Amino acid sequence: MTDTNSVYTIHIVTSHDGTKIGYRQIGSGPGLVLVHGSMASSQSFMTLATILSDDFTVYIPDRRGRGLSGPFGDNYCIQKEIEDLDAIFKKTGAHYIFGLSSGALIAIKASLHLPSINKIALYEPPISLDHSIIKKHDRFMQRFEEEIVNGDMGAAFVTVLEGLEIMPSPLKYFPRFLLIRLFNRTIKEDAKTVKENDVSLIELIPTHHFDYQLIIETKDSIDDFKDISSQVLLLGGSNSPHFLKDSLNRLNNVLVCGKRIELRGLGHEAPIEHNQPEQVALELRKFLMTHKCKQK
């Protein structure tokens, strides 16, 4: 079925446990699946997908629990996410994957199980974080969960941005009470203007609980990736948090065919809407169309 307000089409596949997984499709050429991160959905990648659509058929799933897809379900774990991607890759015949943040965790774990994936591009996956970083994030998550229970979505949003150290630069020096007031207003305005097939912020913010679950589940899995023979592009921004840069460096050290690129002046959210996906798209296009692995 085609969305009347856009050039993309919507499709549905059924995952292993019966959950329906919806995805947007745009463009033509070799298949590329984009996997979004926390507090996001397929809409977050529409600018990036549109830029790439001249050279690739781009598939953008709403990960389970969001938008076009079914619920998280019982016993949620990264294996469920891999099974969701498996259904998409089998339906589409795609061979390339790009993931952002927790979506990058899913993408690289999926590459261990899905032989159809032969090129992997990742933007700042939070893999193998130091235990001190995990402890710090645990404290933020405790506050986040309390704020969600209390229905204070603005405060929960602020807590996530503070915990991940990705608060936009102009807002870093605002007192917390003003940030909460600002984000509550943003959430209300977003709810009034959300487009068809998009997901509102008020629905997306609580899903961070599940993305953090994936970080904990994969925290000691760095050595799992040393046997990946596929080509892997590791992207990150020079303005991103140090713990994410460390994560990329650790991953690069174990990969056989890894290529690490730091994008000057960009931060963690560069690939998504209202940021700077053009530079990310440029590197993705070069990698997917020309890069050949030189084994270390």
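First residue of the sequence shown? That's 15 in the working numbering, and the numbers climb one at a time after it.
Don't be surprised by glycine CBs; every beta carbon is placed ideally from N, CA and C.
Keep in mind that this is a model prediction, so the values were computed, not measured.
In this structure, the straight-line span from the alpha carbon of Ser254 to that of Asp260 is close to 11 Å. If you ignore the 5 residues before and after Val21, its C-beta comes within less than 7 Å of the C-beta of Ile40, all in its own chain and listed in chain order. If you ignore the 5 residues before and after Asn132, its C-beta comes within less than 6 Å of the C-beta of His109, Ser244, all in its own chain and listed in chain order. For the set Asp98, Ala63, Ala170, the Cα lying nearest the Cα of Pro291 is the one of Ala63. 7 Å or more divides the Cβ of Arg80 from the Cβ of Val246. Using a Cβ distance threshold of 7 Å, Gly51 and Leu143 do not count as a contacting pair. Residue pairing from DSSP places Ile111 in a beta bridge opposite Val47, Ile134.
A direct Cα-to-Cα measurement between Asp76 and Leu82 gives close to 6 Å. With fewer than 16 other beta carbons inside 10 angstroms of its own, Leu192 counts as exposed.
Cβ neighbours of Pro85 within its own chain (closer than 8 Å, five residues either side excluded): Thr33, Arg78, Gly79. The continuous beta strand (DSSP E) containing Ile26 extends over residues 23-28. In chain order, Asp76, Arg80, Gly81, Val213 place their CB closer than 6 Å to the CB of Ser55, counting only its own chain and leaving out the 5 sequence neighbours on each side. Ile230 and Ile148 have their alpha carbons spaced roughly 8 Å apart. Annotated as proximal: Leu228 and Ser116, with beta-carbon spacing under 7 Å. Around Lys186, the same chain offers no residue with a beta carbon nearer than 7 Å, after the five sequence neighbours per side are excluded. Nearest to Thr28 by alpha-carbon distance, out of Ser42, Ile102, Thr200, is Ile102. The DSSP assignment places 116-125, 145-163, 167-177 as complete runs of the alpha helix (DSSP H) inside the segment 112-194, in order along the chain (cut-off: 4 residues). Note on geometry: alpha-carbon atoms of Ser67 and Pro285 lie some 15 Å from one another. In this chain, the alpha helix (DSSP H) harbouring Thr304 covers 291-304. Counting along the chain, Val246 sits inside the beta strand (DSSP E) bounded by residues 245-251. Taking a 10 Å sphere around the C-beta of Lys123, we find 16 or more other C-beta atoms and assign the residue as buried.
Beta-bridge partners assigned by DSSP to Val270: none are found.
With a cut-off of 8 Å on Cβ pairs, the segment 147-161 is in contact with the segment 173-186, counting three or more such pairs. As a beta-bridge residue in DSSP terms, Gln39 pairs with Thr23, Tyr73. Here Gly272 is near Asn266, since their CB atoms are less than 7 Å apart.
Take the alpha-carbon of Phe188 and the one of Gly107: they are about 48 Å apart. Here Ile65 carries a helix assignment [DSSP, helix/strand/coil].
Here Leu249 is near Tyr137, since their CB atoms are less than 7 Å apart.
Contact annotation, Ile242 with Leu126: C-beta distance approximately 7 Å; criterion of less than 8 Å satisfied. Excluding residues up to 5 positions away in sequence, Ile180, Gly251, Asn253, Ser254 lie with their Cβ nearer than 7 Å to the Cβ of Gly281 in the same chain.
In terms of Cα proximity to Ile96, the closest of Ile35, Ala169, Met155, Pro44 is Ile35.
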